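Below is one structure; the comments refer to it alone.
Chains as they are written, first to last, in the working numbering: chain A, 1 to 136; chain B, 1001 to 1238.
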């Protein structure tokens, strides 16, 4: 049960961003969790509500995008999606592959906030932050 | 009400990863090969490490260990009997070690001159897989008493490992342990993962294990081949 630790890390990461944006309310925090991300989504959702208590994130919704497991098959020379994490072999030709291209994610992707009323932001406009924060 | 999307693509465990990267750089600078030992509770990590430390101390190889447990310093005391410097990390309820605790427990400890630093993680096959401790080699242990299908049940941690050790080999017969099935299951979740069969009690496999350690040291300065590393760790090291 390390989901509470992860929820706290998530809050720690998101709070300064929300504070800087100066928004009155946070609607959603969007994250990506890979099959091998090592996280139980249900536990994380539960822990999130505890971790955000008495912070600017209280009342926001955690939205989880689950990322499937994708490995590169050297024989087929392409990426293939695996049905699960227990058989690391190409679903097309059967060649074993541990060359993981997607599925280890445990990323925060975006935060949706209410705009301040004097702002001219359009609905759903995406603001990219400083380059240091977009780099992964 | 209009809304704004603040985009930020960051690893949620960014803070741990940054500390782990700093640790990795420190280990590299001190020329010490650090290993993170992970397994479920009761696999025999401590017994295996006791034997390993004793063998290395006997050979005059400078070695040290950090050992993580929720409570008690029982394991540190057991390991210290080898003569190697050992420190206990008590997590007080946390189910895994984090890079920060490794860092704080290394304070005042001279790393330079050590050949190996072993970090025995908290017994848990789920949570430690997400936390990089700055190690060069992650070792997952599976005992013959646990059942051959553990790798299939906990693929994440086996997939993140650089070596699998099968432990308690002296009990293989009474447990009717099917070595071929265990190896096939390890191979299914992490193709190409090296496997060493060991017994801390009889010493079986210890030579092969010590040879693996020496071989890894010879790889320096990161003690790991790029091919053996998960892509994100390889990328972070560049």
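The C-beta atom is built at its ideal place from N, Cα and C for all residues, glycine as well. As the structure is a prediction and not an experimental result, all values here were calculated from the model.
Out of curiosity, what's the CA-to-CA distance linking residue i and residue j?
i, j, result
"residue 1035 of chain B", "residue 1126 of chain B", "18 Å"
"residue 121 of chain A", "residue 21 of chain A", "Per-residue confidence for residue 121 of chain A stands at a pLDDT of 45, beneath the threshold of 50, marking its modelled position as unreliable; the derived number appears in the next sentence. When rounded, the distance between both Cα atoms is 12 Å."
"residue 99 of chain A", "residue 115 of chain A", "42 Å"
"residue 1163 of chain B", "residue 1001 of chain B", "54 Å"
"residue 1077 of chain B", "residue 1086 of chain B", "8 Å"
"residue 1037 of chain B", "residue 1212 of chain B", "15 Å"
"residue 1142 of chain B", "residue 58 of chain A", "42 Å"
"residue 1229 of chain B", "residue 1137 of chain B", "Here residue 1229 of chain B scores only 47 on pLDDT, less than 50, and its place in the model should not be relied on; the value that follows carries that caveat. When rounded, the distance between both Cα atoms is 9 Å."
"residue 90 of chain A", "residue 1009 of chain B", "29 Å"
"residue 1031 of chain B", "residue 106 of chain A", "31 Å"
"residue 131 of chain A", "residue 1183 of chain B", "Only weak support exists for where residue 131 of chain A lies, its pLDDT of 35 falling under 50; the value from the coordinates is given anyway. If I take the Cα positions, the gap works out to 45 Å."
"residue 1106 of chain B", "residue 1100 of chain B", "10 Å"
"residue 1135 of chain B", "residue 1209 of chain B", "17 Å"
"residue 50 of chain A", "residue 1026 of chain B", "36 Å"
"residue 1003 of chain B", "residue 1074 of chain B", "55 Å"
"residue 17 of chain A", "residue 8 of chain A", "15 Å"
"residue 46 of chain A", "residue 39 of chain A", "12 Å"
"residue 1231 of chain B", "residue 1202 of chain B", "Bear in mind that the predicted position of residue 1231 of chain B carries a pLDDT of just 46, short of 50, making it too unreliable to give a figure here."
"residue 1177 of chain B", "residue 1207 of chain B", "22 Å"
"residue 1059 of chain B", "residue 1052 of chain B", "11 Å"
"residue 1005 of chain B", "residue 1089 of chain B", "41 Å"
"residue 1205 of chain B", "residue 4 of chain A", "39 Å"
What does DSSP give as the partner residues of residue i in its beta bridges?
i, result
"residue 1143 of chain B", "B:1167"
"residue 1003 of chain B", "A:114"
"residue 1034 of chain B", "B:1117"
"residue 73 of chain A", "A:78"
"residue 1196 of chain B", "B:1165"
"residue 1022 of chain B", "Answer is none; residue 1022 of chain B lacks a bridge partner."
"residue 2 of chain A", "According to DSSP, residue 2 of chain A bridges with nothing at all."
Starting from residue i, trace the alpha helix (DSSP H) both ways and give me its first and last residue.
i, result
"residue 1073 of chain B", "Run containing residue 1073 of chain B: none; DSSP gives neither H nor E here."
"residue 102 of chain A", "From DSSP, residue 102 of chain A is part of no alpha helix (DSSP H) but of the beta strand (DSSP E) over 100-102."
"residue 1124 of chain B", "Unbroken run through residue 1124 of chain B: none, as it is neither H nor E."
"residue 1243 of chain B", "It is not possible to answer for residue 1243 of chain B, since the shown part of chain B is limited to 1001 through 1238."
"residue 1083 of chain B", "Careful: residue 1083 of chain B lies outside any alpha helix (DSSP H) and carries neither H nor E."
"residue 1240 of chain B", "The structure shown does not extend to residue 1240 of chain B, since chain B is modelled only from 1001 through 1238, so no value can be given for it."
"residue 974 of chain B", "Residue 974 of chain B lies beyond the range of chain B shown here (1001 to 1238); nothing can be said about it."
"residue 43 of chain A", "41-51"
"residue 22 of chain A", "Run containing residue 22 of chain A: none; DSSP gives neither H nor E here."
Should residue i and residue j be called a contact, given that it needs their Cβ atoms to be closer than 9 Å?
i, j, result
"residue 31 of chain A", "residue 63 of chain A", "yes"
"residue 1043 of chain B", "residue 1069 of chain B", "no"
"residue 1015 of chain B", "residue 13 of chain A", "yes"
"residue 1119 of chain B", "residue 1165 of chain B", "no"
"residue 1189 of chain B", "residue 1155 of chain B", "yes"
"residue 1144 of chain B", "residue 1161 of chain B", "no"
"residue 27 of chain A", "residue 112 of chain A", "yes"
"residue 1130 of chain B", "residue 6 of chain A", "yes"
"residue 1083 of chain B", "residue 1104 of chain B", "no"
"residue 1192 of chain B", "residue 85 of chain A", "no"
Give every residue of the same chain whose Cβ lies closer than 7 Å to the Cβ of residue i, excluding the five residues on either side of it in the sequence, and list them in chain order.
i, result
"residue 1007 of chain B", "none"
"residue 1122 of chain B", "1068, 1069, 1070, 1091, 1095, 1096, 1097 and 1128"
"residue 1217 of chain B", "1033, 1115 and 1223"
"residue 55 of chain A", "11 and 15"
"residue 76 of chain A", "90, 92 and 93"
"residue 1175 of chain B", "1144 and 1145"
"residue 1159 of chain B", "1189 and 1190"
Considering only residues of the same chain and omitting the five flanking positions on each side of residue i, which have a CB-CB separation below 6 Å?
i, result
"residue 1199 of chain B", "1169 and 1170"
"residue 1221 of chain B", "1028"
"residue 1110 of chain B", "none"
"residue 34 of chain A", "67, 103, 104 and 105"
"residue 1039 of chain B", "1045 and 1141"
"residue 24 of chain A", "114"
"residue 1056 of chain B", "1063"
"residue 72 of chain A", "79, 99 and 101"
"residue 2 of chain A", "none"
On the DSSP letters alone, give me the boundaries of the beta strand (DSSP E) that residue i sits inside.
i, result
"residue 1132 of chain B", "It is not in any beta strand (DSSP E) - residue 1132 of chain B carries neither H nor E in the DSSP assignment."
"residue 79 of chain A", "78-82"
"residue 34 of chain A", "26-34"
"residue 62 of chain A", "61-67"
"residue 1087 of chain B", "1086-1090"
Go through its chain and collect everything with a Cβ distance to residue i's Cβ below 8 Å, but skip five positions before and after it.
i, result
"residue 109 of chain A", "30, 31, 32 and 65"
"residue 1049 of chain B", "1037, 1065, 1067, 1079, 1118 and 1120"
"residue 1185 of chain B", "1148, 1149, 1150, 1151 and 1152"
"residue 1041 of chain B", "1123 and 1124"
"residue 19 of chain A", "56"
"residue 1157 of chain B", "1038, 1125, 1126, 1128, 1129 and 1140"
What residues from chain C crowd round residue i, counting only those whose CB sits closer than 8 Å?
i, result
"residue 1221 of chain B", "Included in the structure are the protein chains A and B, with no chain C among them."
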